[in-house]
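S.K.:
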Amino acid sequence: MDIFSVTFLLALVNIIIIDLVLAGDNAIVIGLAARNVPKEMQKKVIIIGTIGAVVIRAAATLAVTWLLKFPGLLLVGGVLLVWIAYKLLVDNKSHEMQAKPGVWGAISTILIADVLMGLDNVLAIAGAAHGNYVLVIIGLLISVPIMIWGSTLFLKWMSRFPWIIYIGSGVLAFTAAKMITDEPFVHNLLFVSPIAKWAFVIVVIVAVLLLGLRKNRMQSTPSPAGQ
120 MDIFSVTFLL
130 ALVNIIIIDL
140 VLAGDNAIVI
150 GLAARNVPKE
160 MQKKVIIIGT
170 IGAVVIRAAA
180 TLAVTWLLKF
190 PGLLLVGGVL
200 LVWIAYKLLV
210 DNKSHEMQAK
220 PGVWGAISTI
230 LIADVLMGLD
240 NVLAIAGAAH
250 GNYVLVIIGL
260 LISVPIMIWG
270 STLFLKWMSR
280 FPWIIYIGSG
290 VLAFTAAKMI
300 TDEPFVHNLL
310 FVSPIAKWAF
320 VIVVIVAVLL
330 LGLRKNRMQS
340 TPSPAGQ
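To convert, take the position in the sequence shown, counting from 1, and add 119; that gives the working numbering.
Printed below as a string of structure tokens:
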């Protein structure tokens, strides 16, 4: 994939949106984990915790990118990412966590939380990169400043403008559908025609967004018992 090609640039835009939408929670975890540490040590905890989280995520993303080359795993990853795209819309995420006391306790909290929470980000970037390790590295480099500086602000924007979350979910659904259609045996069986391929992609995106919208409307509608 040529780095100046439209395909590369579109994949890069997808990765940037994925990072903005999915990396925000990790920045909140870092802040929460550091809150019980003495103020003069908080910067050290944030820097070490972020570096450690990025190293772990880099290794995991490169590993997943390699694994997705094996037969059948693109399909599995795509189906899982469809579910992640839907859950992004309907989950009311809680960031409550037990922050361990002390510098190394806080750092370990950050690393453990990032491993547990980072699957969606790892899988999404690996899928959007289409096996291109340059895109994987760029995606990881982009995620660092987002985790440290930009994500808290972006999360505020998402609270104020809920439609931003739907854009992020749509990008995830697009990435997931492309992973499924790019699985060789599925492609050869169902998506030889470009029309069939893109029709499937559109159906997946629309289905995820409509189901998420429906679920959110049901959650926001008061029950008769509560009236």
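C-beta: ideal position from N, C-alpha, C; glycine also.
Note that this is a predicted model, so its numbers are computed, not measured.
Just to confirm, are Val156 and Ala225 a CB contact at a threshold of 7 Å?
M.R.: One-based indexing of the sequence shown puts residue 156 at position 37. One-based indexing of the sequence shown puts residue 225 at position 106. Contact: yes.
S.K.: Using the beta-carbon count (16 or more within 10 Å), is Ile166 buried or exposed?
M.R.: Walking along the sequence shown from the start, residue 166 turns up at place 47. Exposed, by the Cβ-count rule.
S.K.: If you draw a straight line from the C-alpha of Gly171 to the C-alpha of Val241, how long is it?
M.R.: Within the sequence shown, numbered from 1, the residue matching residue 171 stands at position 52. Within the sequence shown, numbered from 1, the residue matching residue 241 stands at position 122. Using only the alpha carbons, I get a separation of about 15 Å.
S.K.: For the stretch 273-344, list the alpha helix (DSSP H) runs that are entirely contained and at least 4 residues long, ordered along the chain.
M.R.: The stretch 273-344 contains these whole alpha helix (DSSP H) runs: 282-301, 303-309 and 313-339.
S.K.: Can you find the residues in the same chain that come closer than 8 Å, C-beta to C-beta, to Leu128, ignoring five residues on each side of it along the sequence?
M.R.: Position 9 of the sequence shown, counted from the first residue, corresponds to residue 128. Excluding positions up to five away in sequence, the list is empty.
S.K.: Which whole runs of the alpha helix (DSSP H) in the stretch 171-214 are 4 residues long or more, in chain order?
M.R.: The stretch 171-214 contains these whole alpha helix (DSSP H) runs: 192-209.
S.K.: Would Val322 pass as a contact of Ala292 if the rule is Cβ separation under 7 Å?
M.R.: Position 203 of the sequence shown holds residue 322. Position 173 of the sequence shown holds residue 292. No, they are not a contact pair.
S.K.: Answer yes or no: do Ala245 and Thr180 have a C-beta to C-beta separation smaller than 7 Å?
M.R.: Within the sequence shown, the letter at position 126 stands for residue 245. Within the sequence shown, the letter at position 61 stands for residue 180. Yes; because the gap between Cβ atoms is below 7 Å, this pair is in contact.
S.K.: Kindly indicate the opening and closing residues of the alpha helix (DSSP H) around Val132.
M.R.: Start at 1 with the first residue of the sequence shown, and residue 132 comes out as number 13. Where Val132 is concerned, the enclosing alpha helix (DSSP H) stretches over Val125 to Leu141.
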